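Just below is one structure, and these are the notes that go with it.
Protein chains in written order, with the working numbering: chain A, 535 to 893; chain B, 535 to 893.
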């Protein structure tokens, strides 16, 4: 039987957290606790993903998800990429690395789809676009549920039309990349407005994500019509996460976040740092070309613990992230959410009409 | 006894909707239905506000609110204002009006405070800043509850320290002006993230606003810890509202919104139109100077029904606004919210642990 959200003990989904923070241990801990853990296929070779799945399955027999990036068009603007490379040369020199080749790739799209089918991954989620209906059908035939990340009502309609089993509704509060289909139109709709707008155009189950960090946030999206809440930053300080020390420090701090394409060529939210401030204006919309251009530079900065020179992805509620083991966090969030719903429902139900008194 | 949110039959507050949409009839309809109606003191003379209050009190004996703008510093950059005036000359010529004087004023601050105290207005809300603790104390002594609009956790701490009875927590989704204390730092935190961040720093009652348009939205913020939901755009198509026809048409349409300071010199969210696209880059941060500069121009465009040349304030969920009498809308929102909370609470409560099965 394909995965359904109602199977989860707790309606809590871990965001895929590509690029380091996501680990099989983190996903396994979330799934073992009754939530849904996620692996990130993005930036990894199909072989590495296969090995992640094997490791995860060694840790839990529970359902989990795998997130795959939908490839977009190549940039085609070689001159803009060259200009950006020139602008970043000093950064690379300072860190003692070469810039990468700003090349296009499809991140192993077909191989990763084939792997997901072969492994019958319980949930396969997509970001950066809507896969063709045939891709969705093939996954479903292989026993996978297909989820699509959406950031506008129009994207939600397209995903529902393609047969998606559920939609990940991503508000502008979310850390990391905006999941928008069109990288040049990242959009800006807040989660709560988007949930209502999407609910008005589709009856697919919705997984809400963006700025959810506490049980109150989980309760809010469930009351707002979501079948589950997806949290990313909230899990990034867990011991099971692969988050670097500099990144953990920044998350626990109070600095503001901003949207930027300076690191990867696609709009993403991170804690504002010097690199963002200095290079945002120069970066072209060109993913994955810019990602490949800056990858070594960012890795070097991360190794040095230089939080001013790599991407500190984080959602707007990042100061609320706790340093708890992931399973404990899942249970705590679910308990708090239950209590919040009980309390809000009770307060409304017990508001007697007879209490309406003139002032 | 001073007003408390628990007095309301329905935890639904109408946003003040300054500049036309707000009318005593609208506020009265909302209060009569068991919500809390609001009058806008902004842009109006103290005499006009007094007459609004009298008219409202002729229609309902229920509590209501009055919103007052906290005056900020004068711009001091006369050259920037002159440049912007020059940039707008063609717009004014086209509409056959003179531009206004880009002068500073405090919008009748002391007179309006005195009026609110004299009238013992049940709720006095503030936007654009935090009044001094002495202002809050004097209002409370006069029988008024004092609410302060906040857009960041730091603003929430300041408002709580000043003694505010409740905080209006405004997400970036909200239509109209950002309530930020510092006009040059309007901020960008989404409602759901902000609710959690503010709850972490104060236990004051919270009124959530920004992109709430349906009972699901109301339920979401109540579950997220708010004592009430404040809706603006959702009421703008009500027959009791003073919203112009061109504005109503735009609200019912699907166009995107954006933040702009082109109309007033303070950042506000409106449905994107030509004026915003053409002038956003030129407009200085200078409120109320720019507001006074453009007032006649915008009034003329509104009279002509030219929706490309005046401010179409609207929140991100504007396409969901319904053309219902305001009282009917209050009851519908409350009923839907109750049902949504019941349904979300039930779904969580009945998720049996025994259901955790391996896939």
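Think of the CB as a built atom: it goes at the ideal place given N, C-alpha and C, for glycine as much as any other residue.
Values in this document were obtained by computation on a predicted structure and should not be read as measured data.
Closest Cα partner of residue i within the set the options
i	options	result
residue 571 of chain B	B:639, B:721 and B:539	B:539
residue 722 of chain B	B:797, B:684, B:783 and B:737	B:684
residue 541 of chain B	B:568, B:788, B:776 and B:663	B:568
residue 744 of chain B	B:535, B:543 and B:548	B:548
residue 611 of chain B	B:844, B:865, B:824 and B:881	B:824
residue 881 of chain A	B:545, B:535, B:844 and B:536	B:545
residue 716 of chain B	B:827, B:747, B:661 and B:843	B:661
residue 663 of chain A	A:603, A:778, A:798 and A:750	A:603
residue 644 of chain B	B:637, B:632, B:668 and B:826	B:668
residue 792 of chain A	A:798, A:665, A:878 and A:802	A:802
residue 834 of chain A	A:629, A:773, A:759 and A:614	A:629
residue 797 of chain A	A:582, A:665 and A:710	A:710
residue 676 of chain B	B:687, B:654 and B:706	B:654
residue 701 of chain B	B:708, B:690 and B:605	B:690
residue 778 of chain B	B:633, B:733, B:597 and B:838	B:838
residue 840 of chain B	B:783, B:795 and B:734	B:783
residue 566 of chain B	B:688, B:597 and B:799	B:597
residue 563 of chain A	A:878, A:670 and A:864	A:864
residue 582 of chain B	B:646, B:795, B:620 and B:706	B:646
residue 758 of chain B	B:631, B:871 and B:593	B:871
residue 615 of chain B	B:746, B:605, B:795 and B:536	B:795
residue 852 of chain A	A:878, A:873, A:747 and A:601	A:747
residue 842 of chain A	A:694, A:594, A:625 and A:641	A:625
residue 694 of chain B	B:719, B:706 and B:665	B:665
residue 707 of chain A	A:878, A:850 and A:553	A:850
residue 718 of chain A	A:800, A:589 and A:862	A:800
residue 601 of chain A	A:770, A:787, A:829 and A:580	A:580
Cutoff 9 Å: residue i Cβ touching any chain B Cβ
i	result
residue 722 of chain A	yes
residue 895 of chain A	Coverage of chain A is limited to positions 535 through 893, which leaves residue 895 of chain A absent and any answer about it impossible.
residue 792 of chain A	yes
residue 853 of chain A	yes
residue 879 of chain A	yes
residue 882 of chain A	yes
residue 889 of chain A	Note that residue 889 of chain A scores 44 on pLDDT, short of 50, meaning its location in the model is unreliable; the coordinates nonetheless yield the value given after this. Yes, contact with chain B.
Beta carbon of residue i nearer than 9 Å to that of residue j
i	j	result
residue 756 of chain B	residue 875 of chain B	yes
residue 831 of chain A	residue 649 of chain A	no
residue 860 of chain A	residue 573 of chain A	no
residue 520 of chain A	residue 551 of chain A	Since the first residue of chain A shown is 535 and the last is 893, residue 520 of chain A is not available in this structure.
residue 713 of chain B	residue 704 of chain B	yes
residue 576 of chain B	residue 658 of chain B	no
residue 781 of chain B	residue 555 of chain B	yes
residue 789 of chain A	residue 855 of chain A	no
residue 635 of chain B	residue 827 of chain B	yes
residue 608 of chain A	residue 638 of chain A	yes
residue 772 of chain A	residue 740 of chain A	no
residue 816 of chain A	residue 618 of chain A	yes
residue 866 of chain A	residue 751 of chain A	no
residue 631 of chain A	residue 687 of chain A	no
residue 674 of chain A	residue 536 of chain A	yes
residue 640 of chain B	residue 605 of chain B	yes
residue 753 of chain B	residue 878 of chain B	yes
residue 699 of chain A	residue 733 of chain A	no
9 Å Cβ cutoff, residue i in contact with chain A
i	result
residue 876 of chain B	yes
residue 850 of chain B	yes
Cβ pair count under 8 Å reaching 3, the region 725 to 745 of chain B against the region 813 to 829 of chain B: In the pairwise beta carbon analysis, the region 725 to 745 of chain B is classified as not touching the region 813 to 829 of chain B: fewer than three pairs are separated by under 8 Å.
Interfacial residues, the region 706 to 720 of chain A to chain B, with Cβ spacing under 7 Å: For the region 706 to 720 of chain A, the residues whose beta carbon sits under 7 Å from a beta carbon of chain B are, in order, 706 and 707.
Selection of the region 730 to 758 of chain A by Cβ proximity to chain B, strictly under 8 Å: The region 730 to 758 of chain A vs chain B, Cβ under 8 Å: 730, 731, 733, 734, 744, 745, 746, 747, 748, 750, 751, 753, 754, 755, 756, 757 and 758.
Validate contact between the region 664 to 682 of chain B and the region 763 to 774 of chain B using beta carbons, cut 8 Å, 3 pairs: At 8 Å Cβ cutoff, the stretches do not touch.
Short-range partners of chain A found in the region 540 to 553 of chain B, where Cβ spacing is below 9 Å: Under the 9 Å Cβ criterion, the region 540 to 553 of chain B contributes 540, 541, 542, 543, 544 and 545.
Contact residues within the region 857 to 876 of chain A, judged by C-beta distance below 9 Å to chain B: Those would be 868, 871, 872, 874, 875 and 876, in chain order.
Three-pair Cβ contact test at 8 Å for the region 798 to 806 of chain A versus the region 834 to 851 of chain A: With a cut-off of 8 Å, the region 834 to 851 of chain A and the region 798 to 806 of chain A count as touching, because enough Cβ pairs lie within range.
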